[in-house]
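Numbering (my numbering), first residue to last: 829 to 1002.
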């Protein structure tokens, strides 16, 4: 006979299902290069946004907890890309040497490296626009609601069947 799930079992299953659904939504956002229906700010180079090496996308972890899902990333730049912000970058001598090397290796054609090497500033202010891939959205709320409703219906049916079975056994004994 199958064991009737406890409320804790149901919450655990809901958390697991929500983490899978959340992962699906985040991957869809990366594929669409948008936060649901809001496209990300375009970039200057060719290619996909936030997916040059896919390191950020692959670093996101979904941890089901007792009362929800925790989303983490091992990449320190995940938060600034998701929320946007400003970075103050110190330009070091080593970076200038690297820029000269890149300039000469490109056959003195790639002038952006020369510009970095000749930069007079000691500190750069870099503004990164918000390109959210994780966050609250009505579509996500709807999906979570459907998962919760489905699991709770399964739980109530299982509980109802167990109660009826116990009633039948009690009636047969009399």
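C-beta: ideal position from N, C-alpha, C; glycine also.
Remember, it's a predicted structure, so these values are computed and weren't measured experimentally.
Residue i versus the options, residue with shortest Cα-Cα distance
i, options, result
"residue 895", "889, 995, 835", "835"
"residue 910", "854, 973, 837", "854"
"residue 899", "844, 838, 938, 997", "844"
"residue 931", "888, 946, 921", "946"
Host alpha helix (DSSP H) of residue i (start-end)
i, result
"residue 859", "835-860"
"residue 889", "Counting along the chain, residue 889 falls outside any alpha helix (DSSP H), though it belongs to the beta strand (DSSP E) covering 888-893."
"residue 831", "That residue, residue 831, is in no alpha helix (DSSP H); it is neither H nor E in DSSP."
"residue 922", "921-933"
"residue 944", "939-945"
Counted within 10 angstroms of its Cβ, other Cβ atoms place residue i as buried (16 or more) or exposed
i, result
"residue 906", "buried"
"residue 992", "exposed"
"residue 978", "exposed"
"residue 878", "buried"
"residue 973", "exposed"
"residue 847", "buried"
"residue 850", "buried"
"residue 901", "buried"
Continuous beta strand (DSSP E) stretch holding residue i: start and end
i, result
"residue 918", "913-918"
"residue 898", "896-901"
"residue 953", "951-956"
Backbone CA spacing between residue i and residue j [nearest angstrom]
i, j, result
"residue 838", "residue 966", "23 Å"
"residue 928", "residue 920", "13 Å"
"residue 944", "residue 883", "25 Å"
"residue 940", "residue 876", "21 Å"
"residue 873", "residue 859", "18 Å"
"residue 924", "residue 913", "25 Å"
"residue 891", "residue 840", "11 Å"
"residue 937", "residue 857", "36 Å"
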